[in-house]
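A.B. asks: Below is the structure I would like to discuss, written out as structure tokens.
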Amino acid sequence: MNVNVVENKIQCPPEKKSFWGAVSLIIGTSVGPGMLGLPSLTIKSGPIPSTIIIFISWIYVISSIILVAELCFDAMEKDDIEEVSFTNLATRTLGQKFGSFVALVYASLCFSLLVACVAGIGSIISPIFTNFNNLVIHSFFPLFVGILIVFFPFNTIDFANRVLCFLMLVSITGLVGIGVVVARANIISSFGSISWKLSSILPIIPVAVLTVGFHVITPFICKIAGDTIDDARKAILIGGTVPLVMVLSWNLIVLGLVGAKKGTDFVGDPITLLLSVNPSALSAVQGFAFSAMATSLIGYVVSLPKQILDTFELVVGKGENGRIGLVSYSGDGVGGGGVGYSGKDGFESSENLSEMRLNDKRLEGIKAILHSRRKCDTSAAVHYLSHVGNLALDVLQKPS
1043 MNVNVVENKI QCPPEKKSFW GAVSLIIGTS VGPGMLGLPS LTIKSGPIPS TIIIFISWIY
1103 VISSIILVAE LCFDAMEKDD IEEVSFTNLA TRTLGQKFGS FVALVYASLC FSLLVACVAG
1163 IGSIISPIFT NFNNLVIHSF FPLFVGILIV FFPFNTIDFA NRVLCFLMLV SITGLVGIGV
1223 VVARANIISS FGSISWKLSS ILPIIPVAVL TVGFHVITPF ICKIAGDTID DARKAILIGG
1283 TVPLVMVLSW NLIVLGLVGA KKGTDFVGDP ITLLLSVNPS ALSAVQGFAF SAMATSLIGY
1343 VVSLPKQILD TFELVVGKGE NGRIGLVSYS GDGVGGGGVG YSGKDGFESS ENLSEMRLND
1403 KRLEGIKAIL HSRRKCDTSA AVHYLSHVGN LALDVLQKPS
């Protein structure tokens, strides 16, 4: 039996490209507050080995991200779409089963990152508002970011992200400046502390990769950086270089603060060490931590809707093969396809078609919610409301 399904899709104007918006998004997402704790692992190896390891890790990160970007552009051109997701890429290259596994891993990773950002931001601002409940404090900034992303265009999101990136750069510059003033005599002498033991080098690698990495937002970067892969490469290289400079500068400053004599005997927190020699650096530390987590939260959230949409489509089974209750179908969902049934009772063809259309409308409703955050126009909200109404009518009219 052939089933023809006509889809009503929301027509949104293409999102405006913003090369420097992509660069600032990369800088904000890749730099996290964990960067401040990295020197606690590099102290044992010393400045020269740790600098080499961090640089090699950065080359690996940038190379892998550029490879992902090339896959994204290839998928975007072949499918004639504006944005892809890791679920889409995995499904295209390795099949639907592995795509489902990637979707699960990615969803878990994103959830962990979002929880970490929300908890971190709440812990920073909670001492400022001591009269408020902790739940309210921890919910305030995520709610603000959610409103910003859902109800405002990307230009507004980009502006907020750039302001936070500027605060982050000013804060880390202040920390490095304070470190240079305090540890000026020890920075050069600290280069004499060198250890190439595997026990000193290996712990640096995973933390360095996570510190300068931003794989999560690569598909979204490909969407807004420009029309070609060259634009994406430039954005990745420029945006990825800034975090590298920040990490290397901070690493050298902290190792200088430790001093050549302490070397591998030092056990402690780099932040505590800096504050012990100059308590005035506390404001810069708090400013950096807040802006780093806030920009990371923005980066994760703006790249999440497409992933959710593709994952939902994969789980629901809207594609070449699918199953709705006891009804299974195959085909592209637009042209011809076969529809079968299983179980003791069969369905009439009209009921099969009704179920498939009902499932399509549910999926379209989810799409409308996710697409509405792009602020296409008010038709997105109207489109969603019409789907809710049609869905309710279908449920009421469906024979029992």
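In this text, residue positions in the sequence shown follow my numbering: the first is 1043, and each later residue adds one.
Every residue, glycine too, gets a C-beta built ideally from N, C-alpha and C.
Enumerate, from N- to C-terminal direction, the unbroken beta strand (DSSP E) stretches of 3 or more residues contained entirely within the stretch 1233-1262.
C.D. replies: none
A.B. asks: Using the Cα positions of V1343 and P1169, report the straight-line distance between them to the nearest angstrom.
C.D. replies: 26 Å
A.B. asks: Please confirm whether K1059 and A1267 have their CB atoms less than 8 Å apart.
C.D. replies: yes
A.B. asks: Can you list, in chain order, the residues of its chain with a C-beta nearer than 7 Å to that of R1204? Leave out the 5 residues immediately preceding and following it.
C.D. replies: S1066
A.B. asks: Any idea what DSSP makes of F1201, helix, strand or coil?
C.D. replies: When DSSP states are grouped into helix, strand and coil, F1201 belongs to the helix group.
A.B. asks: Helix, strand or coil for F1183? Go by DSSP, reduced to three states.
C.D. replies: Three-state DSSP puts F1183 in a helix.
A.B. asks: Would you kindly report the start and end of the unbroken alpha helix (DSSP H) that includes G1329?
C.D. replies: 1324-1344
A.B. asks: Taking only runs that begin and end inside the stretch 1089-1142, name each unbroken alpha helix (DSSP H) of 4 or more residues, in chain order.
C.D. replies: 1089-1121, 1128-1136
A.B. asks: Would you say I1179 and F1171 are within 8 Å of each other, going by their C-beta atoms?
C.D. replies: yes
A.B. asks: In three-state terms, what does DSSP make of D1352?
C.D. replies: helix
A.B. asks: Would DSSP call K1276 helix, strand or coil?
C.D. replies: Helix, per DSSP.
A.B. asks: In whole angstroms, what is the alpha-carbon distance linking F1354 and P1248?
C.D. replies: 31 Å
A.B. asks: Do you know offhand how far S1181's Cα is from S1231's?
C.D. replies: 47 Å
A.B. asks: Assuming S1060 is part of the alpha helix (DSSP H), what are its boundary residues?
C.D. replies: That residue, S1060, is in no alpha helix (DSSP H); it is neither H nor E in DSSP.
A.B. asks: Classify N1197: buried if its beta carbon has 16 or more other beta carbons within 10 angstroms, exposed otherwise.
C.D. replies: exposed
A.B. asks: Identify, in the order they occur along the chain, each residue of the same chain with its Cβ nearer than 7 Å to the Cβ of G1388, setting aside the five sequence neighbours on each side.
C.D. replies: Unreliable placement is indicated for G1388, whose pLDDT of 42 sits below 50; the coordinate value is still reported in the next sentence. Cβ within range, chain order: n/a, list empty.
A.B. asks: Under the three-state reduction of DSSP, which class applies to S1291: helix, strand or coil?
C.D. replies: helix
A.B. asks: Please confirm whether G1281 and A1064 have their CB atoms less than 8 Å apart.
C.D. replies: yes
A.B. asks: So, helix, strand or coil for P1347, using DSSP?
C.D. replies: Reduced to three states, the DSSP call for P1347 is helix.
A.B. asks: Grouping DSSP H, G and I as helix and E and B as strand, with all else coil, what is I1085?
C.D. replies: In the structure shown, I1085 adopts coil according to DSSP, grouped into three states.
A.B. asks: CA-CA distance, L1244 and I1220?
C.D. replies: 30 Å
A.B. asks: Does the contact criterion of 3 or more C-beta pairs under 8 Å hold for the stretch 1115-1125 versus the stretch 1093-1106?
C.D. replies: Verdict: no, contact absent.
A.B. asks: Going by Cα to Cα distance, which pick from C1264, W1100, L1136, L1315 is closest to T1253?
C.D. replies: For the residues C1264, W1100, L1136, L1315, the minimum Cα distance to T1253 belongs to W1100.
A.B. asks: Kindly indicate which residue of P1261, N1320, V1327 has the alpha-carbon position closest to the one of T1215.
C.D. replies: For the residues P1261, N1320, V1327, the minimum Cα distance to T1215 belongs to V1327.
A.B. asks: Pick out whichever of V1224, G1137, A1145, I1095 has its Cα sitting closest to the Cα of P1321.
C.D. replies: Ranked by Cα distance from P1321, the options V1224, G1137, A1145, I1095 are led by V1224.
A.B. asks: Output the boundary residues of the alpha helix (DSSP H) element that contains L1316.
C.D. replies: 1312-1319
A.B. asks: Since A1297 contacts I1085 with CB under 8 Å, what's their CB separation in whole angstroms?
C.D. replies: Note on identity: in this sequence residue 1297 is Leu, with Ala being the wrong assignment. Between I1085 and L1297 the Cβ distance is about 6 Å, and since that is below 8 Å, they are a contact.
A.B. asks: Would you kindly check if the distance between the Cβ of C1264 and the Cβ of I1069 is under 8 Å?
C.D. replies: no
A.B. asks: According to DSSP, simplified to helix, strand and coil, what is N1228?
C.D. replies: In this structure, N1228 counts as helix in the three-state DSSP scheme.
A.B. asks: Given a threshold of 16 other Cβ atoms within 10 Å of its Cβ, counted over all protein chains shown, does G1137 qualify as buried or as exposed?
C.D. replies: exposed
A.B. asks: Count the C-beta pairs between the stretch 1268-1276 and the stretch 1185-1199 that are closer than 8 Å, then say yes if the count reaches three, no if not.
C.D. replies: no
A.B. asks: Using a Cβ-Cβ cutoff of less than 8 Å, which residues in the same chain neighbour S1291 once the five nearest sequence positions on both sides are dropped?
C.D. replies: I1214, V1218
A.B. asks: Just to check my reading of the structure: V1157 and P1184 have Cβ atoms closer than 8 Å, yes? What is that Cβ distance to the nearest angstrom?
C.D. replies: V1157 to P1184, Cβ: 10 Å. No contact.
A.B. asks: Write down the C-beta distance between S1142 and L1356 rounded to the nearest angstrom, noting that I regard them as a contact closer than 8 Å.
C.D. replies: The C-beta distance from S1142 to L1356 rounds to 6 Å, short enough to fall under 8 Å.
A.B. asks: Which one of D1352, N1173, A1331 has the shortest CA to CA distance from L1209?
C.D. replies: It is A1331.
A.B. asks: Quick one: what's got a C-beta closer than 7 Å to A1145's C-beta in the same chain, skipping five residues either side?
C.D. replies: T1129, T1353, L1356
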